[in-house]
Structure formats: structure tokens, C-alpha cells
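At the far end of the sequence shown sits residue 1249, using our numbering, and the numbering has no gaps.
Think of the CB as a built atom: it goes at the ideal place given N, C-alpha and C, for glycine as much as any other residue.
Down below is the structure, laid out as C-alpha cells.
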Amino acid sequence: MAILGESVCPYCGVGCRLRFEGTGGKVLKVRGVEHAPANLGGICAKGAQLGPTIDTPDRLTRPQLRQDRRQAFQAVSWDHAFHDLAAKFRRILDAYGPEAVAFYGSGQLDTETVYLVGKLFKGHLGCNNTDSNSRLCMAAAVAGYRTSLGSDGPPVCYEDIDLADVIVIMGSNMAEAHPVTFDRIRANQKRRPELKVVVIDPRRTATAQAADLHLPVAPGGDIALLNALGRLLLHMGVADWGFVDKHTRGFEEYRLFLQAQDVDELCAATGVAKEDLARLAQLIAGARGFLSFYCMGLNQSTVGMWKNNSLINLHLLTGQIARPGAGPFSLTGQPNAMGGREAGLLSHQLPGYRTVEDDTHRRDVERYWELRAGSISPKVGLTAVEMFRALEKGQLKAIWIAGTNPAVSLPDLHHVRRALERAELVVVQDAYHPTETSRLADAVLPAAQWGEKEWTSTNSERMVSYSPKLWEPPGEALPDWQILAGFARALGLKGFAHANAAQVWDEFIGLTSRRPCDMAGATASRLRALGSLQWPCPTPDHPGTQRRYLDRRFPTADGRALFLPRDHRAPREMPDHEFPFVLTTGRLYAHWHTLTRTAKADKLVRREPCPFVEINPADAATLKAAEGELVQISSRRGTVKLPARISTAVPPGMIFVPFHWGDLFSDGNAANYLTISAIGRVAKQPELKFCAVNLEKAAVPNPQSNGSSRQLLSLPLVEPLVAS
Ligand code: SF4
């Protein structure tokens, strides 16, 4: 077996660097790279099973178009596809203006691609309707960091795990969703018995089972819990007054806010015993290094930004930030969700952590792109959920979707389907076809995936990594950035004639110079020589920065971080007599997002072959539903039928459904047929973790259901379900 090379893993935001070995063009073995800072040789099952996902019968190899969605797709040349789509876009732009088009991308896209998307849509077309599935993952974390600390981007790094003595994991099932980072915590638990790990989660997840203390917060009770903790810490007199005085603003308001809170009432709202909260407060009070990890459980909420602010308040109160082993660490779900933020993919952003609303920021970028003043609109564009609402209403006419599968991952899927059916033009750029989304498209464009191109990405700890091309893409598939550049040139636009990915990268980092995410020193040639560098990295001789704010100056107007008092707010749709249960959704260890890749790896499918509903034994008994029997779950938006997995991991009154299975694998039974599309006021992140549902025992399977992802692999349909 020969070594084919190394690449960053294309799955989660841990950003493991993997080494691929194989023969005859096939990947047969994948290992973690020992010296890679993100994983130190670690790897999880998803990374290890990348081999079977590369050369599959559903890889897209040629551009395909159809003029009518009742017709089959016809393969065409790239030249034909670019000019056909450019003519269609031009007609829509001329008839309806720039706000009639949109780009919906992904944290899977590399930074080179995301940068060119912004240059094309925000710069040349004057349309800020570019957003990403990162909106579903971490928009609240972006807004939380920005409002509390003055800038997006985590202050911490993975090495802080080795230095912290209290780690709080809140709203994150790291053991399944970020396994290699969790393995580092587990290794520290074994090596350092003084390390205490506390998990705050309504479910007794695999992560919670490994904790020293699990606080099963009531769904939606996070802010109340964090305020109760703040109140207890204040009462204990353990605030770091020196830090608070010199480096923060708004403490007095926060103190008065907390003092007006009744801890018993807060505890009632959290569903957690006061003694357990007091124990956590004592752990934090005595910690040398208090490190917190958080993810979708905080972010996927209509008050996700407030939850982030409330957690950061605790770090500011105790001075547990801006020093090794301490700080708030937002985990990113995708390999380049961070790069998307840095290059400005979200609808309010411009490259270099700039915003479209800021006059100076727009002028900076217009000058850099050699555009006339006023080319970039000051109006924030549509966000993910808003785009699909606008499509359904006919306000948005065309959408270009790349590297994501919204017909599975967005909330309220019946509405998403209607929106795509209503669109005049749907372009899907992906490595695979069909997906649930590409089935509804007018054009499908073949993208080269991770091992088939040069690409750059940023992981959860701000580590910018270069991945080389390891083998040829299938057929005529092209790197995503080349597809966007070819389309831009067909529109007659200048500024898209880059010869290679390095040229795109070097152009992009110029826009980060002297910005908080300064990567001006992480040039393409340095990254190709070193593999990775952690930003800020302002000059070509700079070694990169492990931790931010060590000088205790935050990027706010006066250099101080902000206390932001936030009240408990109930989720948008509370249970009632008609829909008395709470549905929460999430991920499983074996699968990734919408199964586009992981359903092709037999070993992963064997581990988790079917969708299911996790239900407490008491609720199952009331329904008279036994293990594996079908339960009908209804919300105000849809109905699905899933086999019961009976488990005390969920409390009575709450169910859990993994969101991975879409219509290709379990027709009509995707979790997101049930979820609510309510979004937060600032972050605009949908409330995927909470909606009200009703349960009944189902008499017969859903008539459209094919039951299992095993169908794709022609494997036996029946796999015994095991209670977790
Ligand atoms: Fe890939 Fe994440 Fe697993 Fe690492 S932990 S191998 S990045 S899926």
C-alpha cells in the first residue's frame, strides 16, 4: 500500500489531519496524523471510513441541465452550463433586480470558494443574499462572541484542555459530534484525576455518561441555569474584581440584574436541583482553569445569542478568560464553518470580519475589489430560513445551493419543498447526485471533493490548514471555486481569472490584514510549506497565535469585554394539551449531516442503520409502544413514523430524533418535517432543538417509507435496535 497523502477531514470542525493509504486509486486505510495539532494522531469512525465514500456510483461527473423539472437531466459541457446559467441569472437580475437571487452554501466549502462567492454576489451583483448552513449551527455563537467580546472567533485552543481543571460542556454531545476532541478530554480525565468534567444537557448523552457531574437542564432552561450560577458565584464572593474592574464594562448592571433574581425560581426553571448547581458553582469558584465547550444545544434557539452571552458573563465574572486553560470555546460543526465566517459568507458579513452595514467596511472591500463606490449594498441579505420563505412567496426567484442539502437539514421541510418547487431556477453544486435537494433542481454541477483539489479551511481553534490535491476528480468535476469563477466569467465579470487556488487565497488574506482574524502572514506559500497556522498571523514571519486576548484587551471601542444581562425566555413553541411533548433533534456518532457520505460506508450504516425516536420508558408505557414498534410523531407542521428506541437517556415528556435521515433513505420521516422555523431576532438561527409534538402508537408503517438507509447498500432491512 502506498501513502497517497494527507488532508484535513471533510467532516466535523475538529479539523483532524488524516493520512490516506491505498493502491490502484482506492483508499484502503486512513490514519490520524501524529503531529497534527488538532488530533495528535486521533481519528474517529467517520474519518476512518472515508474510503468507501470517494468513488461511488452517484458521484456527479458532468454538468447536467433540464429546461423543465418534469424532464430528465441532460449532460452538457461546462461551457454550455456556464452560459446557460449566466443567461438565466441575467434575465432574472434584469427583470427583478439583484435581490431576486441568492446563494446558499455550506461550512463544507473551502475558504477560496466562499471568498469568491462574496466577491461575485456581494461585490459584483450587489446582492447580499448569501448565507450558509452555518446559520443552522453557529450563527448564535458568532453573535455571542461579537456582542460580548467585540469580535467573532474563539479566544481559546485545544491545548487548553490539557491545562483546565474544570471543563463544562453545555449543549454539546461531544462524544458523538466532536469525538477526537472529546477523546482528548477523556485522556486528561484518566491522567489527571483532579480534572472535573461537568455536562449540562437535558439528555443523558454519551458525553454526559462520562462526566463527573451531569446537570439535566430542562429543555430551554439554559439561561436560567447560567443566571443561577452567576447569582451563586456572586453570592460566594468569588468574582475576580481586578479583572472585572480593568477589563470589562457593564458589571454593575449585571450585578443588579443577578441580585434581582430568585435562585429558587431560577432552579425551578432549569429543572436542576439547587445542590447540584451549588456544586458546580463551587467547582468553578475553585478552578485554576475553567474552560467551557458549547455547541448546538446553546445555539439552535431563538435566544441562542443570549445563551452565549450568559455563558460568557460567567467567564468575565470569574476572570476565567484571556489566560491559558480558560475561556469560552464554541465548537464548530463543519470543517470550514470558521473559514466561512472569516471570508464573509453569512448575509451580514464581508471578508475579514467586516459587515455590510458598516460604511467603512464596504468602502474598504469595494476598493480592494476595484468596484465603484456603492457597489455593495448596506442592506443585510436574507438568512437561510428567510431565503426559503422568500422563495415560497415568490420574492426570490433563483437560488444557487452548494455543498449542502437543505431539503433535509432546514426546519419545516414541507415548506422547504414548496419553496424549491416554486423557485424559477434552482442550481445545485455538489459532489453527489441525487440528493434530496438536487432532485428538485434545474441544474446540477459536479464538484471535486476534498481529496480531489487544493483547499484551505479553518477549524474550531482558528487553525488554518492547507490540504493538497491527492488524486484526480471523477469525470469533469471541478473545484467549487473554479465553478463559481467560470460562472462569473460567463456573466462577463472581471476579477475571476485566478490561475490556481493559491492566487485566490493570497487575494483573500489581503482583506484580513489588520482585522481581528488577521491571516495576512499565512500566505499560500507558507501554508503549503507548514501545513497550518493559527490566526491571528499578521506578518510572513509571525508564528501564529494559540490564544487571543492574552494582553486582556478586547477588540471593542474601549478594549473592554461586556457583561450582558440576559433574561430567561421560553422557547417559541411550548408544549400544550394538543402537542404535549418536547422534540429535540441532534447527531449520532456514526453519521454526518444528511447521510450524503456516511450512508455509503457500510461499517457506519451497520452501526446506525435506521432513524428512530428515543423515548423514555414511562412515555413508551403510556403509549403501549414496545422497543422497535412504530411511533407516530406529529407537530403543527408534519407527521412522521419512527421505531421507538426506549431509553432513560431522555426524560419523560421529551423525545429525541436524529436529523440525519432524509427522503432518500426514509421517505417522509425526516425529523425536520416536524421542526419549527422560528428564528432568533439577531442571529436568525432556527430553533431546531425545541418544538412541541404529540405521540401516538402507529398502527402501520408510513406508506411512503422505505425504512432504512440499508436500502442504498442493498443490505438486509431488519437490524435489531439496541436501547442506549
Ligand atoms: Fe473527522 Fe471530526 Fe472524526 Fe476528526 S473527529 S476524524 S474531523 S469527523
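Would His1102 be called buried (16 or more neighbouring beta carbons within 10 Å of its own) or exposed? exposed
Going by C-alpha to C-alpha distance, which of Gln633, Arg615, Pro577, Glu531 sits closest to Trp1006? Gln633
When you compare each of Arg587, Ile837, Thr732, Lys904 to Arg1251 by their alpha carbons, which one comes out closest? Nothing in the structure corresponds to residue 1251, since the chain is present only between 526 and 1249.
So what does DSSP say about Asn1219, is it helix, strand or coil? strand
Between which two residues does the alpha helix (DSSP H) harbouring Gly829 extend? That run of the alpha helix (DSSP H) goes 829-843.
Looking only at its own chain, which residues have a Cβ that is under 7 Å from the Cβ of Pro1228, when we skip the five neighbours before and after it? Since pLDDT at Pro1228 reaches only 45, below the 50 mark, its modelled position is unreliable, and no value is offered.
What number of angstroms, rounded off, separates the C-alpha of Ala712 from the C-alpha of Leu970? 44 Å
Can you have a look at Ala764 and say buried or exposed, based on whether 16 or more other CB atoms are within 10 angstroms of its CB? Ala764 should be labelled buried.
Going by Cα to Cα distance, which pick from Arg729, Cys541, Thr1048 is closest to Asn1262? Limits of the chain in this structure are 526 at one end and 1249 at the other, which puts residue 1262 out of reach.
Measure the C-alpha to C-alpha separation of Gly675 and Ala1126 and round it to an integer number of angstroms. 42 Å
Measure the alpha-carbon distance for Gly822 versus Ser697 and round it to whole angstroms. 6 Å
In chain order, what residues of the same chain lie with their CB nearer than 7 Å to the CB of Trp894, ignoring the 5 residues before and after it? Lys644, Gly648, Gly1020
Does the stretch 829-836 come close enough to the stretch 618-626 to have 3 or more Cβ pairs within less than 8 Å? no
First and last residue of the alpha helix (DSSP H) that includes His772? 766-772
Spatial neighbours of Leu650 in its chain, beta-carbon cut-off 6 Å, leaving aside the 5 residues before and after: Pro623
Have a look at Ser602 and Asp609 and give me their C-alpha separation to the nearest angstrom. 11 Å
Please write down, chain order preserved, every residue whose beta carbon lies under 5 Å from a heavy atom of ligand 1. Cys534, Tyr536, Cys537, Val539, Cys541, Ile568, Cys569, Lys571, Gly572, Pro704, Val705
Which partner residues of Pro999 appear in the DSSP bridge assignment? DSSP output for Pro999 lists no bridge partner at all.
Indicate whether Tyr640 and Ile926 have their beta-carbon atoms separated by less than 8 Å. No. Outside cutoff.
Per-residue DSSP class, three states only, for His739: Looking at His739 - three-state DSSP - the assignment turns out to be strand.
Reducing DSSP to helix, strand and coil, say where Phe1012 ends up. helix
Taking the alpha carbon of Gly869 as the reference point, which residue from Ala527, Ala966, Phe614, Asp677 has its own alpha carbon closest? Comparing Cα-Cα distances from Gly869 to each of Ala527, Ala966, Phe614, Asp677, the minimum goes to Asp677.
Rounded to the nearest angstrom, how far is the Cβ of Ser985 from that of Met863, given a contact under 8 Å? 7 Å
Tell me the start and end of each unbroken alpha helix (DSSP H) in the stretch 685-745 that is at least 4 residues and wholly inside, in chain order. Counting whole runs of 4 or more residues, the stretch 685-745 contains the alpha helix (DSSP H) stretches 685-688, 699-702, 704-716, 731-734.
Which residues in the same chain as Ala1223 place their Cβ atom closer than 7 Å to its Cβ, once the five residues preceding and following it in sequence are excluded? Leu1155, Val1156, Gln1157, Lys1166
Go to Gln927, then tell me how far its beta strand (DSSP E) extends in each direction, as first and last residue. Per the sequence shown, the amino acid found at residue 927 is Ala instead of Gln. Per DSSP, Ala927 belongs to the beta strand (DSSP E) from 923-927.
Judging by CA-CA distance, which residue of Leu842, Gln859, Thr857 is the nearest neighbour of Ala851? Out of Leu842, Gln859, Thr857, Leu842 has the C-alpha closest to the C-alpha of Ala851.
Buried or exposed, going by whether 16 or more other CB atoms sit within 10 Å of the CB of Asn1025? Classification for Asn1025: exposed.
So which of Leu590, Val723, Pro744 has the shortest CA-CA distance to Phe598? Leu590
Whole angstroms are fine: how far does the CA of Cys820 sit from the CA of Val558? Cα to Cα, the separation comes out at about 26 Å.
Going straight from the alpha carbon of Arg594 to that of Trp1117, what length do you get? 29 Å
Are Glu1098 and Ser826 close, meaning C-beta to C-beta below 8 Å? no
In three-state DSSP terms, what is Pro1228? Unreliable placement is indicated for Pro1228, whose pLDDT of 45 sits below 50; no coordinate value is reported for it.
Reducing DSSP to helix, strand and coil, say where Trp980 ends up. strand
Which stretch, first to last residue, makes up the alpha helix (DSSP H) that contains Phe614? For Phe614, the uninterrupted alpha helix (DSSP H) run begins and ends at 603-621, by DSSP.
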